[in-house]
């Protein structure tokens, strides 16, 4: 091939290379699979958003830890209710008493007696503040002649506070607080679940953006490489000075760096997602690149800001917890107010007793001890069972009613506790106002952010289209010698930047939708997730 033929061929090649480049990657296209070379040439693992959320809920360590809190709080309710559990007590006692005694006729002698005592008590504290107690007492006394005696008694005692500690509401204060604490714990768990879902879904969209951004930077690199080839041809055919190649090479090097950073961003986003999903260390997913199967969507949603604020005030877990805390403060204030009252208790007792054993038979008139034909004293002998028979027949019964009044002097402890409880109640009310104000602001910001991101998407899409047209026009001017290498490279950079901003706007829009549901406290409902009791 002679010198003229080579020049003609070079001119044809230069004209073909200067044809307008096709459009770059658009944000709404399917994100490409992660490059296998970056992950040890392993095939990409497809991963849906539903799989990410499921794994985060099942394996996230923060959720696993927080899941125990409602169970622990449930035990506090049982402990508070245990204050009203009845109790049974029993005792047995054996003793002997050898005491010196004095008698005017016989002088000094030793009196010996042996006792065996058995007792049992049943105590039942009632929720209105009263206490029912039932005691059974049995004694065997052996003073010597003529034999043992038995004494038994059954006594029922009912104590009813009339001022302090009177009423079911006052006495169930700790149970009420424990139940509210249990509900607060469940609400905190729901909040952690929503935060976990929000973080995981946003991480999923971040990975989408990283992959989309890699596609954009790789397309930008391809444009720069193609332009370098065009420039080399033009320099070779003598239509451009050699210095133009240096500018084109610098453009390629700049875009190669962007591709390297974009690939590293994908690896970082993948690791962040693996951590949130709590992927086991031996799982092959740590080595495989992740390919998201769900793409970010742009939905032209119209959100009623006033309704969003009402939803936030009704559904947010932090407000629910604050209201439960206020209910605790109010219950404690009622209790502390009651503790300032005097103590006035009504105590009612009713009992019966029985006596049995060995007794001398005496003449009913003279009281003298009667003797049998052999000259031995007559003895009437009965067992311990007779005492319980007497109790059942209530032959020897007793009852009493008593009022006990206790007046604390100054009562400073109760007054101080009441004052502290009152201040805590007022602080809790202010806290609710603060949280409601914060909820309003967050809801308004979240709604506005969605509107802003939607406008960003539309503006970025228009900008990307215009940047394509601008680059195409400039390339035609360059082919006709009316533009420069610097101008082409700058327009390529502008197109890449526009596409990247479009990608970011779309991802930010999807993340702002997640944030709105989290701020309003409805993320579980919108994701069809139910927390089992």
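Residue numbers (our numbering): 340 to 872.
Even glycine gets a Cβ: it sits at the ideal position worked out from N, Cα and C.
These numbers were taken from a predicted model, which means no experiment stands behind them.
Cut-off 8 Å between Cβ atoms - residues of its own chain near residue i, not counting five sequence neighbours on either side
i           : result
residue 813 : 822, 826, 827, 830
residue 742 : 683, 684, 685, 686
residue 734 : 691, 693
residue 360 : Interpretation of residue 360 is limited by its pLDDT of 34, a score under 50 that renders its predicted location unreliable; the figure taken from the coordinates is listed afterwards. Only 562, 565, 810, 811, 814 meet the Cβ criterion.
Cβ distance (whole Å) where residue i is taken to contact residue j below 8 Å
i           : j           : result
residue 644 : residue 394 : Not a contact, Cβ separation roughly 34 Å.
residue 677 : residue 520 : That belief does not hold up - the Cβ atoms of residue 677 and residue 520 are roughly 21 Å apart, past 8 Å.
residue 530 : residue 656 : 4 Å
residue 583 : residue 824 : 5 Å
residue 775 : residue 658 : 7 Å
residue 784 : residue 635 : About 21 Å separates the two Cβ atoms, so there is no contact after all.
residue 579 : residue 570 : 6 Å
residue 640 : residue 757 : At roughly 52 Å, the Cβ-Cβ gap does not stay under 8 Å, so residue 640 and residue 757 are not in contact.
Exposure of residue i, with buried meaning 16 or more beta-carbon neighbours within 10 Å
i           : result
residue 787 : exposed
residue 740 : exposed
residue 348 : For residue 348, the pLDDT reaches just 31, beneath the cut-off of 50, and the residue's location in the model is therefore unreliable, although a value from the coordinates is still provided. Answer is exposed; the Cβ neighbour count stays below 16.
residue 437 : exposed
residue 690 : buried
residue 800 : buried
residue 653 : exposed
residue 430 : exposed
residue 373 : Annotation note: pLDDT 43 at residue 373 (below 50); position unreliable, coordinate value reported separately. The residue is buried, with at least 16 neighbouring Cβ atoms inside 10 Å.
residue 603 : exposed
residue 528 : buried
residue 591 : buried
residue 622 : exposed
residue 424 : exposed
Length of the line joining the Cα atoms of residue i and residue j
i           : j           : result
residue 387 : residue 631 : 6 Å
residue 670 : residue 499 : 22 Å
residue 727 : residue 748 : 46 Å
residue 396 : residue 627 : 22 Å
residue 649 : residue 412 : 30 Å
residue 819 : residue 555 : 28 Å
residue 609 : residue 862 : 23 Å
residue 459 : residue 497 : 17 Å
residue 674 : residue 681 : 14 Å
residue 752 : residue 761 : 14 Å
residue 575 : residue 581 : 8 Å
residue 738 : residue 494 : 9 Å
residue 509 : residue 415 : 18 Å
Same chain, Cβ closer than 6 Å to residue i, five either side skipped, listed in chain order
i           : result
residue 851 : 788, 789, 792
residue 456 : 432, 478
residue 795 : 844
residue 535 : 395, 399, 402
residue 464 : 423, 470
Backbone secondary structure at residue i - three-state DSSP
i           : result
residue 503 : coil
residue 623 : helix
residue 857 : helix
residue 791 : helix
residue 823 : coil
residue 453 : strand
residue 689 : strand
residue 868 : coil
residue 801 : helix
residue 432 : strand
residue 478 : strand
residue 741 : strand
residue 780 : helix
residue 463 : strand
Nonlocal neighbours in the same chain, by C-beta distance under 7 Å from residue i, ignoring five residues either side
i           : result
residue 662 : 771
residue 647 : 782, 786, 859
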